[in-house]
Every structure is written in C-alpha cells, then in structure tokens.
Amino acid sequence: MDDSSKKPSLHNAKTHIEEAASEILEAGKKRANEIYEESIKKVTQAEVNIEECANKFIWKIKENPLTSVLIAGGIGYLLAKIMKK
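Counted the way my numbering counts, the sequence shown spans residues -1 to 83.
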C-alpha cells in the first residue's frame, strides 16, 4: 500500500467534515436568529405590559390622590422603622 491510495480517502473525509461543519454552523445561525426574534417579541410584549400597568397605576393615583399619599407615607414610615433596626 502506498500513500497515493490514502490521499483520496483523506480528501473525501476532509470534504465530508467541512460540509458537516458548514451544515452545523448554518443550523446554529438559524437557531440563534430564531431565538433572537423570539426574544425581541417577548421584550416588546413586556414593554407593552409595563406601560399598561404604569398607566393603570397613574390612573389610580389620579382617582384617589389622598389615599395614594397616605399609603406612600405609611410605607415610608414602615421602611424607616425597619431600617433603624
């Protein structure tokens, strides 16, 4: 057996490995892009939810300003007591 008989099989193996690596790389890129797109959608939805909650909170404060001030004062008082201990 001489070295010339091994070269084609090594070349084929190298080509096969390169093709497999390329396929894995492309699949990884595709999956990373899918995850990125899903993340963008979830962040956008979270922003919408936060904005809705903030608007409800502001509306409640405007609806009952005295109650809101008293609650905030009570929470501040309790936090001050807890922090002193």
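Using N, Cα and C, we set each Cβ at its ideal position, and we do this for glycine too.
- Rounded to the nearest whole angstrom, the CA to CA distance from residue 10 to residue 40 is 45 Å.
- According to the DSSP assignment, residue 82 belongs to the alpha helix (DSSP H) that extends over 63 to 82.
- The Cβ atoms of residue 66 and residue 59 lie closer than 8 Å to each other.
- A direct Cα-Cα distance of roughly 35 Å separates residue 53 from residue 30.
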